[in-house]
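Numbering (this note's numbering), first residue to last: 121 to 372.
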């Protein structure tokens, strides 16, 4: 089977509804999509995490003398404008074909260059930041942020269930066990039981958050630190932790 026949087979498989994983190469003229129609702006927490990493890195490079104060300040200013915008920027409407890391890095770098009032090279924007380092760290930040938001919303639900438990504590109803009637039960107690279960889930989510407080910035291409200037890893981790305002559970 030659190359053209292989591509045709992949396309036919995709048409039948099978999701194909295909790592595109610039030399390939045709490749089936494997991520549907998801766009970058559908992953705001991840995009914001990459922007914050760019800002923290610029500040770290400035403090260590690797980047001029003017360029670091300009990168920081542009990043502030990209974080938590009220409406999704059109630049983040790009469709994701393979995975989110490379498109997010590429577009954010381009936006910094476009919006900067002074010339800044791509090398200066991504100084000491290997793609793998940024991708893994951004994933951890995004996941922790989503877990925290879920816990917060579940806590609101718990409070409401607690109020309903008090409101209906005097109401007696027929209990249900599967699809059968059971012994009488107070409606308020049913609300209390739901509240107890959700509180347990919140506890599990909070425990899970602890596993997503790491940074691998400065690890380099193979995790050896080669290709990264001295002291960058510790400095950027400190600044990123401060930027995320998570002093109680800082990155490490």
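Note that the Cβ used here is the ideal one computed from N, Cα and C, for glycine as well.
- Distance from the CA of residue 159 to the CA of residue 258, rounded to the nearest whole angstrom, comes to 17 Å.
- Measuring C-alpha to C-alpha distances from residue 286 to each of 262, 315, 345 and 274 identifies 315 as the nearest.
- With fewer than 16 other Cβ atoms from the protein chains shown falling within 10 Å of its own Cβ, residue 277 counts as exposed.
- With a cutoff of 8 Å on beta-carbon distance, residue 275 and residue 322 are scored as near each other.
- When only Cα atoms are considered, residue 180 and residue 231 end up about 20 Å apart.
- Under the three-state reduction of DSSP output, residue 304 falls in the strand class.
- Check the Cα spacing between residue 327 and each of 236, 187 and 267: the tightest is with 267.
- Shortest Cα-Cα distance from residue 199 to any of 185, 222 and 227 involves 227.
- Per DSSP, the beta-bridge partners of residue 297 are 300.
- Taking a cut-off of 8 Å on C-beta distances, the segment 286-301 does not touch the segment 243-256, as fewer than three cross pairs fall below it.
- Straight across, the Cα-Cα distance linking residue 223 with residue 349 is about 25 Å.
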